[in-house]
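Input: a single structure, listed below in structure tokens.
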Amino acid sequence: MTSIESGIKASVLGIIINTALAIIKIITGIIGHSYALIADGIESTTDVISSVIVWSGLRIASEPPDEKHPYGHGKADSIAGLFVSMLLFGAALFIAVHSIKDILVPHKTPEWFTLIVLVFVIVTKEILFRFVISIGDSIDSTALQGDAWHHRADALTSAAALIGISIALIGGKGYESADSWAALFACVIITFNGMKLFRTALNEVMDASAPQTIKDETIRMAKQVEGVLSIGKCRIRKSGITLLVDIHVQVEGEMSVMESHAIAHLVKDELINKNVNIRDVVVHIEPYHSDKINVKEYNGLSFFSYVSSIWFLLLLFDKKENTI
6 MTSIESGIKA
16 SVLGIIINTA
26 LAIIKIITGI
36 IGHSYALIAD
46 GIESTTDVIS
56 SVIVWSGLRI
66 ASEPPDEKHP
76 YGHGKADSIA
86 GLFVSMLLFG
96 AALFIAVHSI
106 KDILVPHKTP
116 EWFTLIVLVF
126 VIVTKEILFR
136 FVISIGDSID
146 STALQGDAWH
156 HRADALTSAA
166 ALIGISIALI
176 GGKGYESADS
186 WAALFACVII
196 TFNGMKLFRT
206 ALNEVMDASA
216 PQTIKDETIR
226 MAKQVEGVLS
236 IGKCRIRKSG
246 ITLLVDIHVQ
256 VEGEMSVMES
266 HAIAHLVKDE
276 LINKNVNIRD
286 VVVHIEPYHS
296 DKINVKEYNG
306 LSFFSYVSSI
316 WFLLLLFDKK
326 ENTI
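Using our numbering, the first residue of the sequence shown is number 6, and each one after it goes up by one.
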């Protein structure tokens, strides 16, 4: 199974589980008089939409390059990540609005059996979060990572509802809105995660540089190729779950075009074979110049210019004194 296939299967699993949990929470919330659980169930429907978007993004990102998209379709993953972050913002706003309404309008104390359902939801969502985030991190998919955090956000809202309902049941009359206050607190965490995901996805869409650790490792691998004397520039950008590399390789200045071209191919093959996330590599060949030689030449020229300047001033002074 390829990395992209594992990501697609994780998103499909999320769709199935989220659909089932949304139905369970809404029905239980209606029967158990828990407005927080109803709102949580409605918010879970955005999880379904989120997983569908991630699934679509990964399917598009897996398509090979074509004439219109020579660099592939990897950015579909980043764009899907942007949509998921928007859904997180929307979910936080939805829960906040309904929580405030529930606080202002008195309602019945939730039934105790809603706690059992919430415990089941929290455990299920946390397991799903850990499963999806592990795959998202392994294939470096921003959209799948965002979907995982959407699962965690759902677990947090359910945990908030669990705490709130427990307080309402223990406190009795006057504590009916405790679950709504807890849901408001969860909104802050959801918004924070949404902002973090939005920033990451936006940077990828705008071709931000890959992390320095990836750049350092790429330079290290390129230097191991026989014939490579040094590395000039190295630019790496993320395109979905893949990386696009632009690297300047310095070789012996007297080397023939055929030889330097062969080294360029060796560098490209080395990088792609050693890092499965690298989809394409553009290698620029440059002649190698020793810094030591350049310094000597520079110092020699500087000394010559210094002596020439002094000699010119002496001649000018002698001219004014009419000695020449």
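C-beta: ideal position from N, C-alpha, C; glycine also.
Please read these numbers as outputs of a predicted model, since none were measured by experiment.
Exercise for the section: Check His155 in the structure and name its three-state DSSP category. Expected result: Sequence index remark: in the sequence shown, residue 155 carries index 150 (1-based). It is helical.
Between the segment 243-256 and the segment 280-294, are three or more C-beta pairs nearer than 8 Å?
Taking 8 Å as the limit for Cβ pairs, the verdict is that the segment 280-294 does touch the segment 243-256.
Bridge partner(s) assigned by DSSP for Glu291:
In the sequence shown, counting from the first residue as 1, residue 291 sits at position 286. Answer is Gln255, bridged to Glu291.
| said: Closest to Lys201 by C-alpha separation, out of Leu93, Leu133, Leu174, would be which residue? | reply: Sequence index remark: in the sequence shown, residue 201 carries index 196 (1-based). Nearest C-alpha to Lys201: Leu93.
Cβ neighbours of Gly237 in the same chain (closer than 7 Å, five flanking residues each side left out): Taking the sequence shown and counting its residues from 1, one reaches residue 237 at position 232. The answer, listed in chain order, is His253, Gln255, Glu291.
Taking C-alpha atoms, which residue in Ala188, Ile84, Asp159, Ala215 lies nearest to Ala165?
Here residue 165 is taken as the residue at index 160 of the sequence shown, counted from 1. Answer by Cα proximity: Ala188.
Problem - Identity of the residue in Ala66, Leu98, Ile65 nearest Gly199 by Cα - result: Counted from its first residue, the sequence shown places residue 199 at position 194. The shortest Cα separation from Gly199 among Ala66, Leu98, Ile65 belongs to Leu98.
### CA-to-CA distance, Lys279 to Ile194, given in whole angstroms
Locating residue 194 in the sequence shown gives position 189, counting from the first residue. Locating residue 279 in the sequence shown gives position 274, counting from the first residue. Taking the Cα positions, Ile194 is about 38 Å away from Lys279.
Discussion item. Please list the terminal residues of the continuous alpha helix (DSSP H) segment that includes Gly141.
Written reply: Counted from its first residue, the sequence shown places residue 141 at position 136. It spans 118-144 - the alpha helix (DSSP H) in which Gly141 sits, taken as one unbroken run.
inquiry  = Excluding the 5 residues flanking Pro69 on each side, which residues of the same chain have their C-beta closer than 6 Å to its C-beta?
reply    = Taking the sequence shown and counting its residues from 1, one reaches residue 69 at position 64. Correct list: empty, nothing qualifies.
field: Nearest-angstrom Cα separation, counted from Glu264 out to Gly86
entry: Numbered from its first residue, the sequence shown carries residue 86 at position 81. Numbered from its first residue, the sequence shown carries residue 264 at position 259. Rounded to the nearest angstrom, the two C-alpha atoms are 43 Å apart.
Reduced DSSP category for Gly79 - H, G, I as helix; E, B as strand; rest coil: Within the sequence shown, numbered from 1, the residue matching residue 79 stands at position 74. The answer is coil: DSSP assigns Gly79 none of H, G, I, E or B.
What residue range does the beta strand (DSSP E) around Ser244 cover? Translated into positions along the sequence shown, residue 244 becomes position 239. Counting along the chain, the beta strand (DSSP E) containing Ser244 begins and ends at 235-244.
Quick check: the Cα distance between Ser56 and Ala173, rounded to an integer number of angstroms? Working through the sequence shown from its first residue, we reach residue 56 at position 51. Working through the sequence shown from its first residue, we reach residue 173 at position 168. So the two alpha carbons sit approximately 33 Å from each other.
Same chain only: Cβ atoms within 7 Å of Ile43, ignoring 5 sequence neighbours per side:
Sequence index remark: in the sequence shown, residue 43 carries index 38 (1-based). Same-chain partners within the cutoff: Ile31, Gly34, Ile35.
Tell me the DSSP bridge mates of Leu248? Position 243 of the sequence shown holds residue 248. Lys243, Ile283, per the DSSP bridge assignment.
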